[in-house]
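Here this note's numbering is used: position 108 in the sequence shown is 528, and no number is missing along the way. Scroll down for the structure; my scribbles are underneath it.
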Amino acid sequence: MAVNMELTLGPIPFHWSAEARRDFYARIADEAPVDTVYLGEVICSKRAPFFEADLPEIADRLERAGKRVVFSSLAEIMLKRERKATEGLCAGEDGREVEANNAAALLHLSGRPHRVGPYMNVYNEETMAFLAGRGATHFALPAELPRASVAVLAARSKALGVGTEVQVFGRASLALSARCYHARAHGRTKDNCQFVCEEDPDGMDLDTMDGKAFLIVNGIQTMSRSYVNLSGAVPDMVTLGVTALRLGPQKQDMVAVAKVFRLLADGEIGPDDAGARLDALELGVPFSDGFWHGEAGYRRIAHAAAAGA
C-alpha cells in the first residue's frame, strides 16, 4: 500500500496554556512524523492572546524540522475584531498557506491558493468545484461524511487537481454555537467566562440526564465523546484517492499516534496491526468509526465486525 500519503496534524481546538502549547509543538517538531501542521485558534478568539505571540517561533521551529505550516482561521466569526483578525491572517504576509474555516476567510482568499478546512462543510462535488475555481487547492472534509460521500468528493478532487483530506483520529467536531455552553455550565456568561474551558484540556464531559456518557463540550463547540479512529479504512482511502490523513490533537501522546498512522500510510504495517497498536496505547477514551460506515458516529463498526468474525 506504499503511497505518498500526506499526514497532517490539525489545529489545537482546546484552550491549552501557552506553555503547554509550546511544549506540545516542540515535541511534534522533534519527534512526530507528520508532514503538515495547522496552527491557530479555530474555536474562540478570546483564547488567541494567550499564545499568538508564540506562533512565529513555533512555526519556524516546525519548518526547521521539515514540517509544512498552515495557519487556520476561526470557524465562527461574530465580532468586528474577529473579522479584522481574519482579514489580517488571510493577507498572508509571511507567505504561508491559510486554511479557511469560515466564509469571511474565503472572501479575503478568493483568487489566491488556499486550503478549505473541515468547518466549511463541503458536502458535495459542485461546492468543491466552485471553491476550487476560486483558488482552493486542498479540502479537509467534515468528519461526519460517510465513505460513499468521500468517494465522490475524492474522485472530483482528482479531476480538479486538488487534495482531499480526511480526519482519521481525534474527537469529531459536531456543532458550533453562538453561545458558550462551557461557560454556562459553570454559571458564567460568554463575555465573563473567566476562561473556564482551560480546566478541560481534552474537553468537558457531557452526560445524559440518566448519567450515560454522551458528548464533549469545548467552549462553543460540541464534539464526539469518542476519538474517531479510521485506521481500518486507510487502505480504502488510498484506493479512493484521498491524499491526506488528518490527526486531531488531543491531550494524549500524539507522537505515538502519529507514528502508528505514519507506518500505516507508508504500508509498513496493515490496518489490523495499526488498530492493535492504537488500542495498546490505552488512551482511556473509546474509539469510533460509525460516520465512515454511514452509521451512528459513536459506533465502532470495524472493531465489532472483527470481533464477530
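Just so it is clear, CB atoms sit at the ideal spot from N, CA and C, and this is done for glycine as well.
Sequence-distant residues of the same chain with beta carbon closer than 7 Å to Ile721, five excluded per side: Asp709, Gly710, His713 and Glu715
Three CB pairs or more closer than 8 Å across the stretch 495-503 and the stretch 468-480: no
Outcome for Pro533 when other beta-carbon atoms lying within 10 angstroms are tallied against a minimum of 16: exposed
Buried or exposed by the 16-neighbour rule on C-beta atoms within 10 Å, applied to Asp550: Strictly speaking, residue 550 in this sequence is Phe, with Asp absent from that position. Phe550 should be labelled exposed.
Validate contact between the stretch 616-636 and the stretch 687-696 using beta carbons, cut 8 Å, 3 pairs: no
Backbone secondary structure at Ala422 - three-state DSSP: Residue placement at Ala422 is flagged as unreliable, the pLDDT there being 46, under the threshold of 50; the coordinate-derived value follows with that caveat. Three-state result, Ala422: coil.
Given 8 Å, three or more beta-carbon pairs between the stretch 598-616 and the stretch 645-661: no
In chain order, each alpha helix (DSSP H) run of at least 4 residues that lies wholly inside the stretch 431-507: 438-451 and 475-484
Proximity below 8 Å, CB of Val542 to CB of Arg666: no
Residue of Pro431, Leu561, Ala440 and Gly460 minimising C-alpha distance to Glu618: Ala440
CA-to-CA distance, Ala556 to Leu580, given in whole angstroms: 10 Å
Proximity to Phe470 [Cα-Cα], best of Ala438, Gly460 and Pro453: Ala438
Alpha-carbon to alpha-carbon, Val658 and Met421: Here the model assigns Met421 a pLDDT of 46, short of 50, so the residue's position is not dependable, and the following value carries that caveat. Taking the straight line joining both Cα atoms gives about 8 Å.
Nearest candidate by alpha-carbon position, reference Gly668, set Ala563, Arg599 and Ala574: Ala563
Cutoff 8 Å: Ala575 Cβ touching any chain C Cβ: Absent from the structure: chain C. Only one protein chain is present.
Continuous beta strand (DSSP E) stretch holding Asp514: start and end: Unbroken run through Asp514: none, as it is neither H nor E.
Which of helix, strand or coil DSSP assigns to Ala700: helix
Proximity of Leu494 and Val518 at Cβ, strictly below 8 Å: no
CB-CB length for Leu698 against Asp673, believed under 8 Å: Contact doesn't hold; Cβ gap of about 11 Å is too wide.
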